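Trainee: For the record, the sequence lines run as chains C and B. Here the first sequence stands for residues 1 to 330, numbered as in the numbering used here. Here the second sequence stands for residues 1 to 255, numbered as in the numbering used here. We put the CB at the ideal spot given by N, CA and C, even for glycine. Remember, predicted model here, so these are calculated numbers, not experimental data.
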Amino acid sequence: MAELCLHSPICLHGIGKEKGSIRMSIKNLASLSRDEVKNLFSSIDTILTDCDGVLWLHMKILPGAPDVLNKFREMGKRVFYITNNNVITREEFCVKCDKLGFTSTKDDVLTTSYLTACYLHDIGFKKKVYVVGTSGISRELSRLGIRSFGVGPDPLISDVATLVMKDFKLDPDVGAVIVGFDEYISYPKILKAASYLNHPDCLFIATNTDERGPSFINDCVIPGTGSMVAAIETCAGRKPFLIGKPSTYIIDAIRKRYNVDPERTLMIGDRCNTDILLGTRCGFKTLLVLSGVNTLDDVMNWKQSDNEEDRGLVPDYYIGKLGDLLPLLT
Amino acid sequence: MGKRVFYVTNNSSKTRDEIVSKCSRLGYPATRDNILSTAYLTACYLQDIVFKKKVYVVGSKGITQELDAAGIKHLDVGPDPMCSDVASLLRNEVQLDKDVGAVVVGFDEHFSFPKMVKAATYLKQPNCIFIGTNTDEILPTEFPLTVPGTGTFVRAMETCTNRKAFKIGKPSPYVCEAIIKRHKVDPKKTLMIGDRCNTDILFGTRCGFKTLLVLTGVTTLGEVHQLEKSSNKEDQELVPDYYIDRLGDMLPLIS
């Protein structure tokens with residue numbers, strides 16, 4: 001079944017390729033002189049930063065991070081918080097940032113719940129959305145005038161045969177299925193989503209594909225949005241349009257709304273296969289912090305890899321943690 | 001005609017006895033010994049590897065009853081819904097059993113986030129065995145709806161654990177071994193009849209059987225012709241030797 005892709009990324013992988021040779025020399029920011037750091041930042045207007053693993057880790061602030069972001073703003077840079085989180089609205093995210101000591105307004109925040117609503121708005125979507133996800137998504141949709149349903153518990157009451165033969169009737173006004181993190185994931189929801197997706201004109205959108213949640217509580221593994229998406233992809237026999245990192249939709253959404261030049265943009269992240277890859281694809285400069293998911297060993301392995309795709313995971317710069325930048329900027 | 005008949009099904013929700021009852025009700029004579037269902041074969045596999053611990057089952061009583069019959073300990077199945085919120089679930093409600101040494105994922109109409117958390121957390125231990133009864137993506141239905149199959153749950157769990165499940169049912173090698181070894185079957189003199197190319201026919205091809213596709217189920221003739229034309233070597237394994245509209249059409253040919 002052909003993938004419905006209404007979006008053609010402005011950022012081409014080719015842009016990253018031209019910079020390939022420069023990208024191969026990864027620089028430790030902390031070992032640069034203050035002049036070199038000054039030059040780097042004078043060529044940057046916009047900074048996109050991932051959150052978990054860069055600014056905080058498991059709800060504990062990473063030391064120095066708030067000061068560095070404040071310094072960026074002092075230097076006249078535009079700072080955006082980028083997160084694959086789709087269970088809260090932008091305002092709720094600002095409250096969370098505030099509690100952790102980071103200043104933000106909702107215009108600085110790009111959650112995948114908000115970006116999903118932006119995407120549907122940008123393509124002039126007028127139908128209804130079936131959401132396998134939380135109210136983080138349905139509320140952002142509603143703000144942009146998009147009707148949706150499906151959020152909340154939907155357990156199997158009788159049995160599968162009754163559900164199929166009697167209890168469930170397709171709503172003909174549904175034109176899209178969005179899948180995000182859903183703690184109420186259930187068989188009826190998977191069945192309904194896949195049934196709507198039977199129709200090739202019904203859009204299939206995934207907020208992100210992170211396999212596990214970022215935190216650990218009590219040593220438990222937290223299944224991520226990616227596992228809910230995998231469930232629905234499997235029985236629907238289709239792949240979704242991806243909103244969050246490393247999909248380049250984010251940069252399209254930003255450029256439609258703000259004046260941003262990819263060549264004067266820095267992406268800061270802790271995960272190479274989402275944050276850095278997004279940066280490479282969009283032609284940004286990229287900075288990997290080692291306070292989160294990936295290590296320097298990971299990066300060195302990819303640098304030496306014969307696989308061209310692996311080299312898109314290699315950042316321009318790295319640093320131990322964001323806070324280590326502060327002495328270099330003052 | 002003196003042929004031995006086996007019923008081979010990826011259904012993991014029923015015990016062999018329940019399948020025998022269903023077959024008999026529908027006019028197909030069967031005994032336990034000629035049923036090869038994935039719930040039963042999962043228990044066989046755990047016996048083969050001399051498994052002595054407990055099993056966490058994401059599935060139905062079909063599986064737990066076959067485990068009971070094989071003397072294998074397991075936790076309970078059934079609904080396990082979200083009662084509070086994610087943080088409370090993780091902090092207070094997930095009580096893991098230290099004796100669990102395997103997770104079996106089969107068809108589970110009560111699939112839920114709490115079950116996913118428990119299964120994934122057990123599977124964090126590399127020596128915890130990960131078994132998927134089968135990978136059928138959907139169940140055939142005459143309604144204009146998609147009915148998710150076990151493959152849905154297995155893929156969800158493979159994704160969040162970053163591990164691959166050991167697959168029991170068609171087209172995996174285990175069910176080939178089980179048939180050929182346990183029932184002393186000669187592959188060259190065996191015919192596999194099925195309605196789904198990516199399980200039944202692929203299974204037959206891999207076992208070295210002759211294969212017959214019936215068009216009363218999942219795969220259509222159009223799909224078979226596409227597979228035939230494919231340059232992909234793997235697709236060729238899904239092409240049957242023979243096809244027929246429905247099994248009943250054979251009767252005049254063999255009497």
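1. Answer yes or no: do K58 of chain B and A119 of chain B have a C-beta to C-beta separation smaller than 8 Å?
2. Please look up how many angstroms separate the CB atoms of V132 of chain C and D182 of chain C, rounded, as I've assumed it's under 8 Å.
3. Compare the C-beta of T234 of chain C with all C-beta atoms of chain B and state if any pair is closer than 8 Å.
4. Starting from the beta carbon of S247 of chain C, find every residue of chain B whose beta carbon is closer than 8 Å, and list them in chain order.
5. With the cut-off set at 8 Å, would you say F113 of chain B and I268 of chain C are in Cβ contact?
6. So which residues of chain B does E309 of chain C contact, with C-beta pairs closer than 8 Å?
7. How many angstroms separate the CA atom of K71 of chain C from the CA atom of L287 of chain C?
8. Starting from the C-beta of D80 of chain B, find all residues in its chain whose C-beta is less than 6 Å away, skip the five residues before and the five after it, and write them out in chain order.
9. What beta strand (DSSP E) runs, 3 residues minimum, are completely inside the region 129 to 154 of chain B?
10. DSSP beta-bridge partners for P223 of chain C?
11. Using the beta-carbon of each residue, which ones in chain B are nearer than 8 Å to D159 of chain C?
12. With DSSP collapsed to three states, give me the class of A253 of chain C.
13. Taking contact to mean at least 3 C-beta pairs separated by less than 8 Å, is the region 106 to 114 of chain C in contact with the region 135 to 142 of chain C?
14. Could you check how far apart the C-beta atoms of R246 of chain B and T216 of chain B are, in whole angstroms? I think they sit under 8 Å.
15. L266 of chain C lies in the beta strand (DSSP E); which residues open and close that run?
16. For L296 of chain C, does the count of other Cβ atoms within 10 angstroms reach 16, so buried, or fall short, so exposed?
17. Please list, in chain order, all residues of the same chain as V68 of chain C whose beta carbon is under 8 Å from its beta carbon, the five residues on each side excluded.
18. I'd like the span of the beta strand (DSSP E) that includes M192 of chain B, first residue to last.
19. Verify whether the separation of the beta carbon atoms of L221 of chain B and G194 of chain B is less than 8 Å.
20. Give a yes or no on whether the minimum CB-CB distance between E137 of chain B and chain C is below 8 Å.
21. So, with DSSP's three-state summary, where would you put R4 of chain B?
22. Given a limit of 9 Å on CB to CB distance, which residues of the region 157 to 176 of chain B reach chain C?
23. Kindly list, in the order they appear in chain B, the residues whose Cβ is closer than 9 Å to that of G224 of chain C.
24. Measuring CB to CB, does C128 of chain B end up less than 8 Å from G106 of chain B?
25. Go through its chain and collect everything with a Cβ distance to I22 of chain C's Cβ below 8 Å, but skip five positions before and after it.
26. When the distance is taken between beta carbons, is V5 of chain B closer than 8 Å to K170 of chain B?
27. Should S230 of chain B be flagged as near chain C, meaning a C-beta pair shorter than 8 Å?
28. Measure from the C-beta of V100 of chain B to each C-beta in chain C and report whether the shortest distance is under 8 Å.
29. Since A165 of chain B and F130 of chain B are thought to touch, with beta carbons under 8 Å apart, how far apart are those beta carbons, to the nearest angstrom?
30. Given a limit of 7 Å on CB to CB distance, which residues of the region 181 to 205 of chain C reach chain B?
31. Mind checking N86 of chain C: buried by the 16 CB within 10 Å criterion, or exposed?
32. Check for me: the beta strand (DSSP E) holding D50 of chain C runs from which residue to which?
33. Would you say V221 of chain C faces chain B, with C-beta separation under 8 Å as the test?
34. Who are the neighbours of K124 of chain B on chain D, taking C-beta pairs under 7 Å?
35. Using a Cβ-Cβ cutoff of 8 Å, what residues of the region 200 to 234 of chain B are near chain C? List them in chain order.
36. Taking only the alpha-carbon atoms, compute the straight-line gap between L41 of chain B and Y130 of chain C and give it to the nearest angstrom.
Mentor: Considering the structure as presented:
1. Numbered from 1 along the second sequence, position 58 holds the residue referred to as residue 58 of chain B. Numbered from 1 along the second sequence, position 119 holds the residue referred to as residue 119 of chain B. Strictly speaking, residue 58 of chain B in this sequence is Val, with Lys absent from that position. Cβ distance < 8 Å, so V58 of chain B and A119 of chain B count as in contact.
2. Numbered from its first residue, the first sequence carries residue 132 of chain C at position 132. Numbered from its first residue, the first sequence carries residue 182 of chain C at position 182. So it is a contact: roughly 5 Å between Cβ atoms.
3. By 1-based counting over the first sequence, the position of residue 234 of chain C is 234. Judged by the 8 Å Cβ criterion, T234 of chain C is in contact with chain B.
4. What you label residue 247 of chain C is simply residue 247 of the first sequence in a count that begins at 1. Simply none; closest approach about 17 Å.
5. Position 113 of the second sequence, counting from 1, holds the residue named residue 113 of chain B. Position 268 of the first sequence, counting from 1, holds the residue named residue 268 of chain C. No, they are not a contact pair.
6. Position 309 of the first sequence, counting from 1, holds the residue named residue 309 of chain C. Those do not exist, as E309 of chain C stays about 19 Å from chain B at its closest Cβ, beyond 8 Å.
7. For the purposes of this step, residue 71 of chain C is taken as the residue at position 71 of the first sequence. For the purposes of this step, residue 287 of chain C is taken as the residue at position 287 of the first sequence. K71 of chain C and L287 of chain C: Cα-Cα distance of roughly 17 Å.
8. Working through the second sequence from its first residue, we reach residue 80 of chain B at position 80. Closer than 6 Å at Cβ, skipping near neighbours: S112, P114 and K115.
9. 129 to 132
10. Here residue 223 of chain C is taken as the residue at index 223 of the first sequence, counted from 1. Note: P223 of chain C sits in a beta bridge opposite C:R212.
11. Working through the first sequence from its first residue, we reach residue 159 of chain C at position 159. E109, listed in chain order.
12. Numbered from its first residue, the first sequence carries residue 253 of chain C at position 253. Reduced to three states, the DSSP call for A253 of chain C is helix.
13. yes
14. Counted from its first residue, the second sequence places residue 246 of chain B at position 246. Counted from its first residue, the second sequence places residue 216 of chain B at position 216. With 8 Å as the limit, R246 of chain B and T216 of chain B qualify as a contact, their Cβ atoms being about 5 Å apart.
15. Locating residue 266 of chain C in the first sequence gives position 266, counting from the first residue. Taken as a continuous stretch (DSSP letters only), the beta strand (DSSP E) holding L266 of chain C covers T265 to G269.
16. Here residue 296 of chain C refers to the residue found at position 296 of the first sequence. L296 of chain C is exposed by the Cβ-count criterion.
17. Within the first sequence, numbered from 1, the residue matching residue 68 of chain C stands at position 68. Cβ within range, chain order: L322, G323, L325, L326 and L329.
18. Taking the first residue of the second sequence as 1, we reach residue 192 of chain B at position 192. Counting along the chain, the beta strand (DSSP E) containing M192 of chain B begins and ends at L191 to G194.
19. Working through the second sequence from its first residue, we reach residue 221 of chain B at position 221. Working through the second sequence from its first residue, we reach residue 194 of chain B at position 194. Cβ distance not < 8 Å, so L221 of chain B and G194 of chain B don't count as in contact.
20. Here residue 137 of chain B is taken as the residue at index 137 of the second sequence, counted from 1. Chain C, which has a Cβ nearer than 8 Å to the Cβ of E137 of chain B, makes this yes.
21. For the purposes of this step, residue 4 of chain B is taken as the residue at position 4 of the second sequence. Coil.
22. M157, E158, T159, C160, T161 and N162
23. As a first step, residue 224 of chain C is located in the first sequence; it is residue number 224 there, counting from the start. Those within 9 Å of G224 of chain C in chain B are T159 and C160.
24. As a working note, residue 128 of chain B is residue 128 in the second sequence. As a working note, residue 106 of chain B is residue 106 in the second sequence. No, these two residues do not count as a Cβ contact at 8 Å.
25. Within the first sequence, numbered from 1, the residue matching residue 22 of chain C stands at position 22. Residue placement at I22 of chain C is poorly supported in this model, since its pLDDT is 40, which falls under 50; the coordinates still yield a value, given next. D316, listed in sequence order.
26. Looking up residue 170 of chain B in the second sequence gives position 170. Looking up residue 5 of chain B in the second sequence gives position 5. Against a cut-off of 8 Å, the Cβ pair of V5 of chain B and K170 of chain B comes out as no contact.
27. As a first step, residue 230 of chain B is located in the second sequence; it is residue number 230 there, counting from the start. At least 8 Å separates the CB of S230 of chain B from every CB of chain C.
28. The residue given as residue 100 of chain B occupies position 100 in the second sequence. No, its Cβ sits nowhere closer than 8 Å to a Cβ of chain C.
29. The sequence position of residue 165 of chain B within the second sequence is 165, counting from 1. The sequence position of residue 130 of chain B within the second sequence is 130, counting from 1. For a cut-off of 8 Å, the C-beta gap from A165 of chain B to F130 of chain B is around 5 Å, short enough to register as a contact.
30. Cβ contacts with chain B come from E183, Y184, I185, S186, Y187, I190, L191, A194, S195 and N198.
31. The residue you call residue 86 of chain C lines up with position 86 of the first sequence. By the neighbour-count rule (16 or more Cβ atoms within 10 Å), N86 of chain C is buried.
32. Against the first sequence, residue 50 of chain C aligns to sequence position 50. Start and end: T46 to D50.
33. Here residue 221 of chain C is taken as the residue at index 221 of the first sequence, counted from 1. Yes, V221 of chain C lies at the interface with chain B (some Cβ there is under 8 Å from its Cβ).
34. Of the protein chains in the structure, C and B, none is chain D.
35. From the region 200 to 234 of chain B, no residue has a Cβ closer than 8 Å to chain C.
36. Residue numbering aside, residue 41 of chain B sits at position 41 when the second sequence is read from its first letter. Residue numbering aside, residue 130 of chain C sits at position 130 when the first sequence is read from its first letter. Taking the straight line from one Cα to the other gives about 38 Å.
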